[in-house]
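*Asks:* Submitted below is the structure of interest, expressed as structure tokens.
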Amino acid sequence: MLQLPTPIEQIRFSGVTLYLKRDDLIHADFSGNKARKFYHYLENAFPSVTKLISYGSSQSNAMYSMSVLAKMKEWEFEYSVDHLSEYLRENPHGNYAGAIKNGMQIHVGQGALAPTNKNTLLMEEGGRQKEAEYGIKLLAQEIQEWQNNNNTKALNIFLPSGTGTTALFLQKSLHSEGVVGVQHPTVYTCPCVGDSAYLKKQFLELEEDVAYHPSIVTLEKKYHFGKLYKENYKIWLELRKQTGIEFDLLYDPLGWRVMLATPEIFDKPVMYIHQGGLLGNESMLPRYERKYPELKL
Ligand SMILES: *Cc1c(COP(=O)(O)O)cnc(C)c1O
Numbered sequence: 024m025l026q027l028p029t030p031i032e033q034i035r036f037s038g039v040t041l042y043l044k045r046d047d048l049i050h051a052d053f054s055g056n057k058a059r060k061f062y063h064y065l066e067n068a069f070p071s072v073t074k075l076i077s078y079g080s081s082q083s084n085a086m087y088s089m090s091v092l093a094k095m096k097e098w099e100f101e102y103s104v105d106h107l108s109e110y111l112r113e114n115p116h117g118n119y120a121g122a123i124k125n126g127m128q129i130h131v132g133q134g135a136l137a138p139t140n141k142n143t144l145l146m147e148e149g150g151r152q153k154e155a156e157y158g159i160k161l162l163a164q165e166i167q168e169w170q171n172n173n174n175t176k177a178l179n180i181f182l183p184s185g186t187g188t189t190a191l192f193l194q195k196s197l198h199s200e201g202v203v204g205v206q207h208p209t210v211y212t213c214p215c216v217g218d219s220a221y222l223k224k225q226f227l228e229l230e231e232d233v234a235y236h237p238s239i240v241t242l243e244k245k246y247h248f249g250k251l252y253k254e255n256y257k258i259w260l261e262l263r264k265q266t267g268i269e270f271d272l273l274y275d276p277l278g279w280r281v282m283l284a285t286p287e288i289f290d291k292p293v294m295y296i297h298q299g300g301l302l303g304n305e306s307m308l309p310r311y312e313r314k315y316p317e318l319k320l
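Now the structure itself:
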């Protein structure tokens with residue numbers, strides 16, 4: 024049912040050549056790093072579980088993926104948000120509409136739900152939990168097998184972070200699951216949600232040993248998650264024009280900008296991980312189009 028391993032393509036953008044890991048192609052509804060993070064739940068049996076509960080924002084990619092998982096597993100899905108805008112309630116779109124369609128029951132302003140019994144499975148916000156390692160390990164193995172088959176011994180990897188769970192477990196798996204004769208790639212990432220200190224803290228909560236932590240890189244200017252920035256929109260449009268590939272509008276624009284502004288990453292062949300999240304563009308793109316009508320494909 025899932026398209027694994029995902030393809031690795033060579034692309035050119037703004038004068039650089041790099042490899043792109045197409046995790047956006049895993050499945051039409053269950054893709055990107057959320058599919059990797061929730062793979063453990065998809066692959067294993069949970070005979071006593073009848074309900075999934077979680078919390079977070081009303082347009083989160085994780086929320087949508089959890090709704091797909093719950094549907095596949097025939098679990099109920101209850102999700103709590105601090106706030107739901109009148110506009111979104113009246114005009115469901117993007118991840119929210121998709122999750123509602125999959126049967127998500129939403130609770131507004133009641134705080135995070137607590138599991139009531141052993142039939143309830145609690146998922147942390149954004150899937151930030153140890154179980155995510157299971158599916159991300161598989162991503163690491165796919166990359167190392169590709170390195171081996173393509174004789175690409177040295178490699179730097181880049182992916183933008185939210186909770187940092189994907190970047191952390193990817194770097195950790197690459198370190199510990201070595202394929203003979205292949206160097207361990209270095210994973211570079213940038214914080215998109217908080218700052219470097221926040222991301223570092225997230226890493227530490229999942230893994231005490233800093234030897235397993237990814238390398239954090241940033242731009243000078245501070246960016247706020249979910250806000251609109253002309254430079255981010257511009258690179259997103261340019262990526263689509265030059266590569267023909269659609270990226271996510273929340274994480275990828277900053278990711279590409281940070282990566283391209285960090286020359287040391289290009290000391291070795293580079294692989295960028297496409298982490299999916301395209302349904303979220305349904306809400307982000309109209310906002311960008313309204314704010315910068317002069318910018319177009
Ligand atoms: C969730 C998400 C991220 C962030 O992943 P973390 O594991 O929380 O760091 C990055 N990109 C996309 C497209 C996502 O959906």
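Going by my numbering, the first residue of the sequence shown is number 24, and it counts up by one from there. Note that the Cβ used here is the ideal one computed from N, Cα and C, for glycine as well. Note that the structure is predicted; figures quoted are calculated from it, not measured.
(1) Should residue 320 go down as buried or exposed, given a rule of 16 or more other Cβ atoms within 10 Å for buried?
(2) Who does residue 40 pair with in a DSSP beta bridge?
(3) According to DSSP, is residue 192 helix, strand or coil?
(4) Could you tell me which residues DSSP pairs with residue 128 in its beta bridges?
(5) Thinking C-alpha only, which one of 32, 26 and 165 is nearest residue 266?
(6) Tell me whether the beta-carbon of residue 161 lies closer than 8 Å to the beta-carbon of residue 129.
(7) Alpha carbon to alpha carbon, how far is residue 133 from residue 219?
(8) Does the distance from the C-beta atom of residue 20 to that of residue 281 stay below 8 Å?
(9) Quick one: any contact between the stretch 182-196 and the stretch 222-232, if contact means 3 or more CB pairs under 8 Å?
(10) Out of 124, 174, 193 and 271, state which residue places its alpha-carbon closest to the alpha-carbon of residue 311.
(11) Under 8 Å, with one C-beta from each stretch per pair, do the stretch 298-309 and the stretch 64-71 reach the 3-pair mark?
(12) Taking the alpha carbon of residue 35 as the reference point, which residue from 293, 113 and 97 has its own alpha carbon closest?
(13) Counting beta carbon pairs with one atom in the stretch 46-54 and one in the stretch 66-78, are three or more of them shorter than 8 Å?
(14) Rounded to whole angstroms, what is the Cα-Cα separation between residue 237 and residue 273?
(15) For residue 179, which beta-bridge partners are listed by DSSP?
(16) Is it buried or exposed for residue 284, if we count other Cβ within 10 angstroms and need 16 for buried?
(17) Hey, would you say the C-beta of residue 52 is under 7 Å away from at least one heavy atom of ligand 1?
(18) Anyone know if the C-beta pair for residue 74 and residue 150 falls short of 8 Å?
(19) Quick one: what does DSSP say residue 74 is sitting in, helix, strand or coil?
(20) Hey, out of 173, 207 and 279, whose CA is closest to residue 213's CA?
(21) Among 245, 268 and 276, which one has its Cα closest to the Cα of residue 257?
(22) By a C-beta neighbour count over all protein chains shown, 10 Å radius and 16 as the cutoff for buried, is residue 113 buried or exposed?
(23) The alpha helix (DSSP H) with residue 301 in it runs from where to where?
(24) Under the DSSP definition of a beta bridge, which residues are partnered with residue 45?
(25) Just the Cα atoms here: how many angstroms apart are residue 101 and residue 39?
(26) Within this structure, are the beta carbons of residue 90 and residue 146 separated by less than 8 Å?
(27) Nearest CA to the CA of residue 302: which residue from 99, 122 and 144?
*Replies:* Reading off the structure:
(1) exposed
(2) Assignment of beta-bridge partners to residue 40 by DSSP yields 35.
(3) Residue 192 falls in the helix class under three-state DSSP.
(4) 101
(5) Comparing Cα positions, the closest option is 32.
(6) no
(7) Approximately 31 Å between the Cα atoms of the pair.
(8) Any answer about residue 20 is impossible in this case: the structure gives the chain only from 24 up to 320.
(9) yes
(10) 271
(11) Contact fails: fewer than three Cβ-Cβ distances are below 8 Å.
(12) 293
(13) no
(14) 20 Å
(15) 209 and 293
(16) exposed
(17) no
(18) Result no, Cβ atoms of residue 74 and residue 150 do not sit closer than 8 Å.
(19) strand
(20) Of the listed residues, the one whose Cα sits closest to residue 213 is 279.
(21) 276
(22) exposed
(23) Note, residue 301: premise wrong, no alpha helix (DSSP H); not H, not E.
(24) 297
(25) When rounded, the distance between both Cα atoms is 44 Å.
(26) no
(27) 122
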